[in-house]
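Novice: Below is the structure I would like to discuss, written out as structure tokens.
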Amino acid sequence: MTNVSDRIAKLAARLPKDFVVGTATSSWQIEGNLAGRGSSIWEDFAKAGHIKDGSTGEPACDHVNRVDEDLELLKWLGFDSYRFSFSWPRIMRTGEGALNPEGIDFYDRLIDGLLERGIKPAATVYHWDLPSTFGDKGGWTWEPIADKFADYAAVLATKFADRVDSWATLNEPWVSSFLGYATDIHAPGANDQAKGFEAAYRLLLGHGRGIEALRANGAKNTGLVLNLTTMIAEDEGTKDAAWLMDGLQNRLFLDPVAGRGIPADVVEATRHITDWSFVKESELAEIATPVDWLGINYYTPNRIESPSETDKGFIVGQNTDVYPGMPPVNFVPREPRTNMGWEIDASSMTTTLQQTSERLPGVPLYVTENGGAFKDDQLTDGFVNDQDRMDYYLNHINAALDARDGGVDLRGYYAWSMFDNLEWAEGWKMTFGIVHVNQQTMERTPKASARMFKQLLEQR
Ligand code: FCB
């Protein structure tokens, strides 16, 4: 195998000058400073004991108090852009009404700090930390929530549209609905399959209305971030299941945004779970408001095979209920896998990008998240030599550029994540960062993979 420096040089040589290279985080996973904002459903979920290592969201990476240091680190690494999310209850403590001046100040500092350092701010309006006040009313299954979200998006645009480079309404609505409502893997943990579908619909509606509200208040370059992937049937018997899984995770979100409505096969396959009576034609038109770009978060393919006589199905590496309506199948991720158990397969990312560009023609794409958790939460001699992460990134960035060379209008790539951080219900156990964060002292130490990005960006 050629050494890493050679691989970096080769990648730098094929990296287009105008291709955006960035890194991503989200508010709940890094900010801390919970006293400075209202409560979110993730603190409620944490209090109810759902986070594996007992993490609470405080101090997370203590980013609110260390924002200047973190900005300096971003600049030193040389990224073109930084993708972050606004915390809804930090903007308005109860999600509506009076603004929280402390919260507005914090994002002013962050955005201005990025611009001063020549880094493009890429903002996500909602990355899962819903205000508890709305969570208590039913969250994304509460009918008024789409309008509350649009009002919040309008506030953000009024305050920050003059300085933010790109806007995403939502991060991964599939995860919000099927991990948060159909099951109890994520907050709020409703564990009700029918609610999963209603939440997905209200998230989509929030997205459509959110785009309108952002634009009406001066925001440019507005889009949506979906977690899309390739569904691989390992045998004839799972072909239909793979198509339905593609429907439940990819097409359920892409088709309405592309103006094709809710996929008929998904409606058919889930009639025993929901009657879909919440869908309204006029609202589908709002959901289909054209986007300026689409972000894809890609980590792993979904590989399935038929269960044998003795299997119950769904046994390897996947939770059973996140695809309501699916027949029993076995998830069979191949080696190598990350610490999350996710199969590493860069070529499936190329496939996902190609497929998405066909399904949403004319819309520029970005990889808005990609990365891996590896067993590297400890420093060795003051350093983290994360060879497996470097390998992951080199292969995946090349796979992204393969899609681009093959005609996909791919404009950029964001590494997940800038920091080791709170990996939701997994807590601190799963580390995705290119920068190590000491959980006691909060000291930041760039890993080998961070230096790899620095080298890549210098050589480009
Ligand atoms: C994505 C989330 C992100 C992070 C990565 C590992 O689903 O958007 O916050 O947790 O997975």
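Under the numbering used here, the first residue of the sequence shown is numbered 1123, with each subsequent residue one higher.
Where is the CB? At the ideal position from N, CA and C, for every residue including glycine.
Mind checking who W1296 pairs with in its DSSP beta bridge?
Specialist: Residue mapping note: residue 1296 aligns to position 174 of the sequence shown, counting from 1. Beta-bridge pairing links W1296 to no other residue.
Novice: Taking Y1488 as the reference, give the member of W1398, T1502, D1498, M1471 with the closest Cα.
Specialist: Counting from one through the sequence shown, the residue named residue 1488 turns up at place 366. Checked all of W1398, T1502, D1498, M1471; the closest Cα to Y1488 is M1471.
Novice: Residue range of the beta strand (DSSP E) that Y1514 falls in?
Specialist: Here residue 1514 refers to the residue found at position 392 of the sequence shown. No beta strand (DSSP E) holds Y1514; the alpha helix (DSSP H) holding it covers 1509 to 1527.
Novice: Can you list, in chain order, the residues of its chain whose CB lies under 6 angstroms from that of E1320, leaving out five sequence neighbours each side?
Specialist: Stepping through the sequence shown from its first residue, residue 1320 is reached at position 198. Answer for E1320: T1263, F1400, listed in chain order.
Novice: Give me the Cα-Cα distance between R1481 and G1330, rounded to the nearest whole angstrom.
Specialist: As a first step, residue 1481 is located in the sequence shown; it is residue number 359 there, counting from the start. As a first step, residue 1330 is located in the sequence shown; it is residue number 208 there, counting from the start. In a straight line, the C-alpha of R1481 is about 18 angstroms away from that of G1330.
Novice: What would DSSP say about T1473, mapped onto helix, strand or coil?
Specialist: Locating residue 1473 in the sequence shown gives position 351, counting from the first residue. If DSSP states are grouped into helix, strand and coil, T1473 belongs with the helices.
Novice: Comparing the CB of V1451 with every heavy atom of the ligand FCB, is any distance shorter than 7 angstroms?
Specialist: In the sequence shown, counting from the first residue as 1, residue 1451 sits at position 329. For the ligand FCB, not one heavy atom lies less than 7 angstroms from the Cβ of V1451.
Novice: With H, G and I counted as helix, E and B as strand and the rest as coil, what does DSSP make of V1126?
Specialist: Locating residue 1126 in the sequence shown gives position 4, counting from the first residue. Three-state result, V1126: helix.
Novice: Identify whether W1546 lies in helix, strand or coil by the three-state DSSP scheme.
Specialist: Stepping through the sequence shown from its first residue, residue 1546 is reached at position 424. Three-state result, W1546: helix.
Novice: Which residues share a DSSP beta bridge with L1374?
Specialist: Residue 1374 sits at position 252 when you count from the first residue of the sequence shown. DSSP lists no partner for L1374.
Novice: I1418 and L1348 - do their beta-carbons sit closer together than 8 angstroms?
Specialist: By one-based count along the sequence shown, residue 1348 stands at place 226. By one-based count along the sequence shown, residue 1418 stands at place 296. Result yes, Cβ atoms of L1348 and I1418 sit closer than 8 angstroms.
Novice: Nearest CA to the CA of S1479: which residue from F1496, L1532, P1449?
Specialist: Residue mapping note: residue 1479 aligns to position 357 of the sequence shown, counting from 1. S1479 has its Cα closest to that of L1532, out of F1496, L1532, P1449.
Novice: Given the structure, does V1379 come close to the ligand FCB, in the sense that its CB is under 7 angstroms from one of the ligand's heavy atoms?
Specialist: As a first step, residue 1379 must be located in the sequence shown, where it is residue number 257. Result no, Cβ not under 7 angstroms from the ligand FCB.
Novice: Please give the ranges of any alpha helix (DSSP H) in the stretch 1327 to 1394, keeping only runs that are unbroken, at least 4 residues long and fully inside the region.
Specialist: Within the stretch 1327 to 1394, the complete alpha helix (DSSP H) runs of at least 4 residues are 1361 to 1368, 1374 to 1379, 1386 to 1391.
Novice: On a CA-only basis, which of R1373, T1351, V1379 is nearest T1411? Give me that one, please.
Specialist: Locating residue 1411 in the sequence shown gives position 289, counting from the first residue. Answer by Cα proximity: V1379.
Novice: Within the same chain, show all residues whose beta-carbon is closer than 7 angstroms to that of S1571, passing over the 5 residues directly before and after it, in chain order.
Specialist: What you label residue 1571 is simply residue 449 of the sequence shown in a count that begins at 1. Same-chain partners within the cutoff: D1508, R1511, M1512, Y1515, I1556.
Novice: By how many angstroms is the C-alpha of E1403 removed from the C-alpha of F1541?
Specialist: Mapped onto the sequence shown, residue 1541 falls at position 419. Mapped onto the sequence shown, residue 1403 falls at position 281. Looking at the two C-alpha atoms, the distance is approximately 42 angstroms.
Novice: To the nearest angstrom, how far is it from the Cα of N1313 to the Cα of T1396?
Specialist: Locating residue 1313 in the sequence shown gives position 191, where the first residue counts as 1. Locating residue 1396 in the sequence shown gives position 274, where the first residue counts as 1. Each residue's Cα considered, the two are about 14 angstroms apart.
Novice: Measuring CB to CB, does G1144 end up less than 8 angstroms from G1534?
Specialist: If you number the sequence shown from 1, residue 1144 lands on position 22. If you number the sequence shown from 1, residue 1534 lands on position 412. For G1144 and G1534, yes; Cβs fall inside 8 angstroms.
Novice: Quick one: measure Cβ to Cβ for A1182 and I1152, integer angstroms, because I've assumed they're closer than 8 angstroms.
Specialist: Here residue 1182 refers to the residue found at position 60 when the sequence shown is read from its first residue. Here residue 1152 refers to the residue found at position 30 when the sequence shown is read from its first residue. 5 angstroms between Cβ atoms; contact.
Novice: Which residue from K1139, K1197, L1523, R1231 puts its Cα closest to that of V1286?
Specialist: Residue mapping note: residue 1286 aligns to position 164 of the sequence shown, counting from 1. Measuring from the Cα of V1286, the nearest candidate turns out to be R1231.
Novice: Apply the 10 Å Cβ neighbour rule to Q1315 and answer buried if 16 or more other Cβ atoms are within range, or exposed otherwise.
Specialist: In the sequence shown, residue 1315 corresponds to position 193, counting from 1. So Q1315 counts as buried.
Novice: Can you find the residues in the same chain that come closer than 8 angstroms, C-beta to C-beta, to V1388, ignoring five residues on each side of it along the sequence?
Specialist: Locating residue 1388 in the sequence shown gives position 266, where the first residue counts as 1. Closer than 8 angstroms at the Cβ level, and outside the excluded window around V1388, lie L1366, G1369, L1370, R1373, L1374, G1447.
Novice: By alpha-carbon positions, which one of R1159, W1198, A1309 ends up nearest to G1171?
Specialist: In the sequence shown, residue 1171 corresponds to position 49, counting from 1. The candidate whose alpha carbon is nearest that of G1171 is A1309.
Novice: DSSP state of P1253, grouped into three classes?
Specialist: By 1-based counting over the sequence shown, the position of residue 1253 is 131. In this structure, P1253 counts as strand in the three-state DSSP scheme.
Novice: Sort A1168, E1191, S1127 by Cα distance to V1559 and report the nearest one.
Specialist: In the sequence shown, residue 1559 corresponds to position 437, counting from 1. Ranking the options by Cα distance to V1559, first place goes to E1191.
Novice: Is it the case that the stretch 1133 to 1147 contacts the stretch 1199 to 1213, given that we only count it when at least three CB pairs across the two stretches are under 8 angstroms?
Specialist: In short, these stretches touch, since the Cβ pair count reaches three.
Novice: Give the DSSP-derived three-state secondary structure of I1437 in the structure shown.
Specialist: Stepping through the sequence shown from its first residue, residue 1437 is reached at position 315. A caution first: I1437 carries a pLDDT of 49, below 50, which makes its placement in the model unreliable, though a value can still be read off. I1437: coil per DSSP, three-state reduction.
Novice: State the DSSP-derived secondary structure class of L1532, mapped to helix, strand or coil.
Specialist: On the sequence shown, residue 1532 is found 410 positions in, with the first residue counted as 1. L1532 falls in the strand class under three-state DSSP.
Novice: Given this structure, state the Cα-to-Cα distance separating R1337 from A1279, to the nearest angstrom.
Specialist: Stepping through the sequence shown from its first residue, residue 1337 is reached at position 215. Stepping through the sequence shown from its first residue, residue 1279 is reached at position 157. Each residue's alpha carbon lies about 8 angstroms from the other.
Novice: Please confirm whether any heavy atom of the ligand FCB lies closer than 7 angstroms to the CB of W1415.
Specialist: On the sequence shown, position 293 is the one that residue 1415 refers to. Flag unset: Cβ of W1415 not near the ligand FCB.
Novice: If you draw a straight line from the C-alpha of K1259 to the C-alpha of W1250, how long is it?
Specialist: For the purposes of this step, residue 1259 is taken as residue 137 along the sequence shown, with counting starting at 1. For the purposes of this step, residue 1250 is taken as residue 128 along the sequence shown, with counting starting at 1. When rounded, the distance between both Cα atoms is 16 angstroms.
Novice: Determine which residues share a DSSP beta bridge with T1145 and list them.
Specialist: Taking the sequence shown and counting its residues from 1, one reaches residue 1145 at position 23. BP columns for T1145 point to Y1204, A1537.
Novice: Whole angstroms is fine: what's the gap from L1578's alpha carbon to L1236's?
Specialist: Counted from its first residue, the sequence shown places residue 1578 at position 456. Counted from its first residue, the sequence shown places residue 1236 at position 114. Approximately 20 angstroms, taken between the alpha carbons.
Novice: Assign L1221 to buried or exposed, taking buried as 16 or more other Cβ atoms, counted over all protein chains shown, within 10 Å of its Cβ.
Specialist: For the purposes of this step, residue 1221 is identified with residue 99 of the sequence shown, where counting begins at 1. With fewer than 16 Cβ atoms within 10 Å of its Cβ, L1221 is classed as exposed.
Novice: Hey, out of Q1477, D1414, V1189, T1392, whose CA is closest to G1528's CA?
Specialist: Numbered from its first residue, the sequence shown carries residue 1528 at position 406. Closest option to G1528, Cα to Cα, is Q1477.
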